[in-house]
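S.K.: My questions all concern the structure below.
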Amino acid sequence: MAREKKAVALPEVIPPPATPALKAVSPNENIVIRGARTHNLKGIDVDIPHNMLTVVSGVSGSGKSSLAFDTVYAEGQRRYVESLSAYARQFLERIEKPDVDHMDGLAPAIAIKQKNQTRNPRSTVATATEIYDYMRLLYARCGTVTCLHCGGIVKRDTVDEIATSILALGDDTRLFALFPIERRPIVLEPMQDFALPVEESPAKPAPKPKKLSTKKTKEVEAPPVNDPTEPMRDRLVELRRRGYNRLFQNGSIVEFSTPESLLELNFAEPIYVLADRLSVSAEVRARIVDAIETGYRESGEIVFLTAPRDGSEPQRIRFSSAFECTNCHRAYRDPEPRLFSFNNPFGACPRCQGFGNTIDFDPDLIIPDKGKSLDDGAIDPWTKPKYREFHGMMKRFATANSIPTKLAWYDMTPAQQNAIWDGGSGFVGIRGFFRSLDSKKYKLHVRVFLSKYRGYAPCPDCRGQRLRAEARAVLLNDRNICEAAALTITGARIFFEGLQLSPAQAEIAGKILEEVRQRIGFLEQVGLEYLTLDRLSSTLSGGESQRIQLASSLGSRLVGALYVLDEPSIGLHSRDTAKLIKIMHELRDLGNTVLVVEHDPDVILAADRLIDLGPGAGELGGQLLAIGTVEHVKNDPNSITGKYLSGRTRIPVPQERREPTREVLKLKGARIHNLRGVDLEIPLGMLTVVTGVSGSGKSTIVHQVLHRALQHALGVEGASGDVTQLYRELIGTHFLREVVLVDQSPIGRTPRSNPVTYIKAFDAIRELFASQPDSRRKNYTAGSFSFNVPGGRCDTCEGDGTVTVEMQFLADIELPCEECGGSRYKPGILEVKYKNKNIHDVLNMTVKDAVHYFAGTPKIVERLQVLDEVGLGYVRLGQSATTLSGGEAQRVKLASHLANIRTGTRGGETKKAASRVLYILDEPTTGLHFADVATLLQAFRKLIEGGGSLLVIEHNMDIIKCADWVIDMGPEGGSAGGQVVAVGTPEEIAKVPGSYTGQWLAPVLEAAL
């Protein structure tokens, strides 16, 4: 049954814009393309209007990316690069000229692709969007510096502020305005340098003392002893010449008209010059200002000493022109933007050098099971017999400080956890325990013990905040820059909108805050409000990375540019697609041309112009089926996309759904990131889909918890890390034999990797060629027909078929190998033929053609057929794996598993053994057209009929409506998510008012009836 939550109001859905009627335009108003033949394009002619949103659609492999990226974007970039000098071009990416007859009207092109290519461990969401640059400037100019020693405010006292505070003492307050006779030297607080390497050089031995000589030496006259008061006397004489003739010490005023008058002073105590005597009133403000400026000029500080008439203790008020603490008077450097940069040694934490973590004692190894209480032995090292006494000390300390010992560790407050870590009142704490052991690491058994708890851990100095203490001591509304960066996008918006600033600070921060708020607003608009500003860019998905680039582009406010986007709706829930469409419309309305490769129906319907390619994939595609407004394409009988948009063709809802059985996988108490003790039940033997808005915890619970937990439970070799702290219990693993993650990672990283080798059909093909009479006569084996090992492959190109010629500042040229002519093999191998085709001819066949060619060889056909069944009939057998998209790579993996099930059943393997496999897929519809989704669902059906279970993370409504069981996460993203909102069949989910998925699913199910 579905579990209901409170209803969540849906945001207003942005309707598609009114599409302008087609009109005749001059070439300057269009990007004119004539005779485009890049890859599989069949010499098409297309006009893409400027300042409009144009969507390119079509089945997978029909040539969409070839047109948008490899033709339009590539030519725009190539022309820009060619405008530079030859010297500059050698340092830039060399772009090959696309195969096109004519292109005109190109604008400067910017490509925003799906792939997250950021691997810099220092890059964050804030740095990638330039928000952090503005934050650094804001904190440097408007932040309040606090003292590292006493916590006091560090500031420079201005003349106007001092005058105002003195006048606030009240009228008739008598004051002495004083300044010390000598300028106090300003000694800045030293900044700690980067930590030295762990292995320090041994200390040099102390030099041996020299023996005292017994020989008589000539007596030398002792130098005269310097008088310490002499410099002060010289200073006093100088002050006298400049008109100052009154000194002040211990409440007494001393006139020093002659040097003899200085005999009354005690030079061991502070001596001040009396700048003025005054009684506070509005009329003496000018005299107060004059006294302050005099003190600052002569000594850098001014002291006001009250002279009460009632005999009470005088009040001493000191002000300084130096940037120093108002309490302990320690001087600091003025904050500057580089102080807040973890990419700069001036601001980075010296210990971790700005990375935020070090190789130290890992908290996850010290407290491996955070579901345990202190009584149950949550702290692993203190469960060992030798160190049990520390467990007792900890319990006594916890009782004395009201720290619960029967509560699970993750339910304790951060303050209680920190108390156990840091200790106090005779208890050394966890850190003190390891410090004491570290001092004894010269013992072998201690080193062995300590090695069990070492790993990457948050830096103990900066606590993972990556900045040095001086930077973390600068506050803005009681938050330092690290704490502000740890906020989510929504939290950051609230923080920066609610900043309380003085009029002077507001004047300085006005433009800075405007830029920060604008960029944060763009990130919210693209549905990334759940990300934190300090989230590492390398941990983002391809869709998240693409939307961050999109928000950054909108923030740059460029005009007249061409933006080429690759499926920006990937990873977006239907609720957030409307926000994405609004962003693209804003880019267009600024005066830019937006060209989008997309399959999402909402994005397609929002287009000003739609280009539909097809009709098939590979060689069967590359033709222009329809172009015009969305309504025009809908009514075009040649358009496959139009048939689905108009409803003439649709993916049907299953008449009957599979019912859950007693075979259920149960995950209890999942806790990581935004998951807070989540329980999950996954029925096996059916299609289960995990849904939810972006950031709701789908990938976290499926990939980081369930998949890793199953790998450990099933004993998969190479399973990563200890996962026991991620969940409380996993039940039902005895129903499974294997867990398989079918993701979109490449199937190979070299040009010699290809689909036919991945699905293990090439082995049978090579055996077939090795069995031919010519092969037996020449003693060729199956290995002779491999281009991965020496033997039959060409020795010049080593089986690649091409040779790369570097052209310095021009694009590198790949030429067919002169030795083999691009065939990859030696001439003798190519003489061996089967049905009048050699091995090179076979590798150049499409999958569909190869199925007919090998019709008499079931061992080969069964494996090739599954590639055709998952929609990859257009792929060539020998096509390089590096040229496959993420969606194509994922479907090749699916085909491999389908082939294994098919050949396994044929080979006599029982269905029960084949059924105990759980397949996990993450957004398999990426890059798939409506027609491809229908093909994918057929592949899913065959996997389940073969006895498998499917767990799919998906946003596509066609997949969700065809699922047997749905688990909806949410209700929001980030900290407001991480909960199971509803579970059940699609019909049950559609009735839950608190489910965003249900509210978008309901009309889809109604339309299917």
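Numbering (UniProt numbering), first residue to last: 1 to 1009. Each residue gets a CB set at the ideal place from its N, CA and C atoms; glycine is no exception.
How long is the line joining the alpha carbons of Ala617 and Arg463, rounded to whole angstroms?
M.R.: C-alpha separation (whole angstroms): 53 Å.
S.K.: Go ahead and label Pro108 buried or exposed: buried means 16 or more other beta carbons lie within 10 angstroms of its beta carbon, across all protein chains shown.
M.R.: When all chains shown are included, Pro108 counts as exposed.
S.K.: Report the three-state DSSP secondary structure of Pro223 (helix, strand or coil).
M.R.: Bear in mind that a pLDDT of 48 at Pro223, under 50, signals an unreliable position, so the number given afterwards is only what the model happens to contain. Residue state, collapsed to three classes: coil.
S.K.: Apart from the five residues on each side of it in sequence, which residues of its chain come closer than 7 Å, Cβ to Cβ, to Asn327?
M.R.: Around Asn327: Cys147, Cys150, Gly152.
S.K.: Have a look at the DSSP bridge pairing and note the partners of Ser57.
M.R.: Bridge partners of Ser57: Asp612.
S.K.: Would you kindly check if the distance between the Cβ of Leu1001 and the Cβ of Ile960 is under 8 Å?
M.R.: Yes, the pair counts as a contact, with Cβ atoms nearer than the cut-off.
S.K.: Count the CB pairs spanning the segment 383 to 396 and the segment 497 to 506 that are closer than 8 Å, and state whether there are at least three.
M.R.: The segment 383 to 396 is not in contact with the segment 497 to 506.
S.K.: If you pair each beta-carbon of the segment 970 to 983 with each one of the segment 525 to 537, do three or more pairs fall below 8 Å?
M.R.: Enough Cβ pairs lie closer than 8 Å, so yes.
S.K.: Does any C-beta atom of chain B lie closer than 8 Å to the C-beta of Asn357?
M.R.: Annotation note: the requested chain B is absent from the structure, which comprises a single protein chain.
S.K.: Give the secondary structure of Pro270 by DSSP, where H, G and I count as helix, E and B as strand, and everything else as coil.
M.R.: Pro270: coil per DSSP, three-state reduction.
S.K.: Judging by CA-CA distance, which residue of Thr724, Leu710, Leu106 is the nearest neighbour of Gln77?
M.R.: Among Thr724, Leu710, Leu106, the Cα nearest to that of Gln77 belongs to Leu106.
S.K.: Near Lys778, which residues of its chain fall below 6 Å by C-beta distance, leaving aside the five closest residues on each side in sequence?
M.R.: Answer for Lys778: no residue qualifies.
S.K.: Figure out for me which residue from Ile512, Gly491, Gly426 has the closest Cα to the Cα of Leu523.
M.R.: Nearest of Ile512, Gly491, Gly426 to Leu523, Cα basis: Gly491.
S.K.: By Cβ distance below 8 Å, which residues in the same chain neighbour Leu365 in space, the five residues on each side in sequence not counted?
M.R.: Here the set comprises Asp380, Lys452, Tyr453, Arg454, Gly455, Asp722.
S.K.: Compute the Euclidean distance between the alpha carbons of Ala140 and Thr129, then round it to the nearest angstrom.
M.R.: Cα-Cα distance, rounded: 19 Å.
S.K.: Report the three-state DSSP secondary structure of Met393 (helix, strand or coil).
M.R.: Helix at Met393.
S.K.: Could you please give me the residues that DSSP links to Glu324 through a beta bridge?
M.R.: Looking at the DSSP assignment, Glu324 forms a beta bridge with Lys155, Ala331.
S.K.: Can you list, in chain order, the residues of its chain with a C-beta nearer than 8 Å to that of Ile181? Leave out the 5 residues immediately preceding and following it.
M.R.: Closer than 8 Å at Cβ, skipping near neighbours: Met232, Arg235, Leu236, Leu239, Leu247, Ile271, Tyr272, Val273, Ser299.
S.K.: Is Pro971 buried or exposed, if buried means 16 or more other CB atoms sit within 10 Å of its CB?
M.R.: Buried: at least 16 other Cβ atoms inside 10 Å.
S.K.: So for Phe854, helix, strand or coil by DSSP?
M.R.: Coil.
S.K.: Using only CA atoms, which one of Gly748, Cys817, Ala782 lies nearest to Glu798?
M.R.: Ranking the options by Cα distance to Glu798, first place goes to Cys817.
S.K.: Looking at Lys837: is its Cβ nearer than 8 Å to the Cβ of Asp868?
M.R.: No; because the gap between Cβ atoms is not below 8 Å, this pair is not in contact.
S.K.: Got a sec? Which residues, its chain only, sit under 6 Å from Thr144 by beta carbon, not counting five neighbours each side?
M.R.: So the qualifying residues of the chain are Leu475.
S.K.: Measuring CA to CA, which of Thr802, Glu544, Ala990 is closest to Ser694?
M.R.: The option with the nearest alpha carbon to Ser694 is Glu544.
S.K.: Using only the alpha-carbon positions, how far apart do Ser556 and Gly994 sit?
M.R.: If you take the alpha carbons of Ser556 and Gly994, they lie about 37 Å apart.
S.K.: Is it the case that the Cβ atoms of Val690 and Val702 are separated by a distance below 8 Å?
M.R.: The answer is yes: Cβ separation under 8 Å.
S.K.: Do you know offhand how far Gly908's Cα is from Lys859's?
M.R.: The predicted model places Gly908 with a pLDDT of 46, which falls under 50 and marks its position as unreliable; any figure quoted below should be read in that light. Rounded to whole angstroms, Gly908 to Lys859 spans 15 Å at the Cα level.
S.K.: Please classify Phe355: does DSSP put it in a helix, a strand, or coil?
M.R.: Coil at Phe355, not helix or strand.
S.K.: Quick check: the segment 951 to 965 against the segment 650 to 657, are at least 3 beta-carbon pairs closer than 8 Å?
M.R.: Verdict: yes, contact present.
S.K.: Looking at Val832: is its Cβ nearer than 8 Å to the Cβ of Tyr780?
M.R.: Yes, the Cβ-Cβ distance between Val832 and Tyr780 is below 8 Å.
S.K.: Taking the alpha carbon of Asn956 as the point to measure from, which residue in Gln525, Met103, Ser949, Gly927 has its own alpha carbon closest?
M.R.: It is Gly927.
S.K.: Taking C-alpha atoms, which residue in Ala469, Leu877, Val740, Ala889 lies nearest to Glu717?
M.R.: The option with the nearest alpha carbon to Glu717 is Val740.
S.K.: Give me the Cα-Cα distance between Gly822 and Gly801, rounded to the nearest whole angstrom.
M.R.: If I take the Cα positions, the gap works out to 4 Å.
S.K.: Unbroken beta strand (DSSP E) runs of length 3 or more, entirely within the segment 871 to 956: which are they?
M.R.: The segment 871 to 956 contains these whole beta strand (DSSP E) runs: 917 to 922, 949 to 953.
S.K.: Assign Ala307 to one of two classes, buried (16 or more other C-beta atoms within 10 Å of its C-beta) or exposed (fewer than that).
M.R.: Exposed, by the Cβ-count rule.
S.K.: Is the CB-CB distance between Arg493 and Arg517 below 8 Å?
M.R.: Yes, they are a contact pair.
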